[in-house]
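Here the structure is laid out as structure tokens; the discussion comes afterwards.
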Amino acid sequence: MNSSADPGALGLRERKKIRTRNAIRDNAMRLFKEQGFAATTVFQIAEAADVSPSTFFRYFPNKDAVALTDDIDDLMIAAVRGAPEGLSALATLRHAFETTFDAMTDEAIAFEQQRQELISSVPELRTAMVDGFKHNVDLIRTLMAERTGVDPDSLEMKVFAGAVIGALLAVVAPAADYRRDVDAVLDRLEQGIELKLTGRPAPEH
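Going left to right, the sequence shown walks through residues 809 to 1013 as my numbering numbers them.
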């Protein structure tokens, strides 16, 4: 199971949705590896996952989305919002990454590495992933703004979020040891970034 959700905390319908989604993703990744991304069709993926094409499209708009979608954002958001108060921005991110990786099984991390390997080997996926980094920058800006009270559109917050995502690109690789390498990247950022975004309670909403 590559979804990070806790099955025990979900109802029957949600567990079924997770199983269906995972079946689609697992079979898609297997077919991509066996016959190549370009040669694999949505209909083949649906057949291998024992679902109809219409069911496939309820979960993913196209086969590209199967490869480009991950389960990390929701874990990161929860981890950042649940981090202890008073941490600096980088310390908060370190806590969030550690919490996220601790919540992922070895199987989920292996799946993520396989997904990155596929993306790195398919030019159109690689381009789409790079385009998607703006989403990650915006996500960090928003989350850090909640915790620090710094304007998410300020220059310092844009520079901070861009620096973090740019540095993390170094570990987005098939062979990466995510836990070790992300920790090392955050160490370097902590040593090199002059920005000091100190944590303080987020304003009441």
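Think of the CB as a built atom: it goes at the ideal place given N, C-alpha and C, for glycine as much as any other residue.
Query	Result
Rounded separation between K825 and R833 - CA only	12 Å
Outcome for L820 when other beta-carbon atoms lying within 10 angstroms are tallied against a minimum of 16	exposed
Unbroken alpha helix (DSSP H) run spanning T900, endpoints	897 to 911
Simplified DSSP assignment, three categories, for G894	coil
For F1036, the first and last residue of its enclosing alpha helix (DSSP H)	Residue 1036 falls outside the range modelled here, since the chain spans only 809 to 1013, and no answer is possible.
A846 versus R823: straight-line alpha-carbon distance, rounded	31 Å
Whether T907 touches A887 by CB criterion (8 Å)	yes
CB-CB length for M965 against R949, believed under 8 Å	5 Å
Three-state secondary structure (DSSP) of T877	coil
Minimum length 4: unbroken alpha helix (DSSP H) runs contained in the segment 910 to 978	914 to 929, 931 to 956, 963 to 976
Cβ neighbours of T848 in the same chain (closer than 6 Å, five flanking residues each side left out)	L839, F840
Alpha-carbon to alpha-carbon, D879 and D961	26 Å
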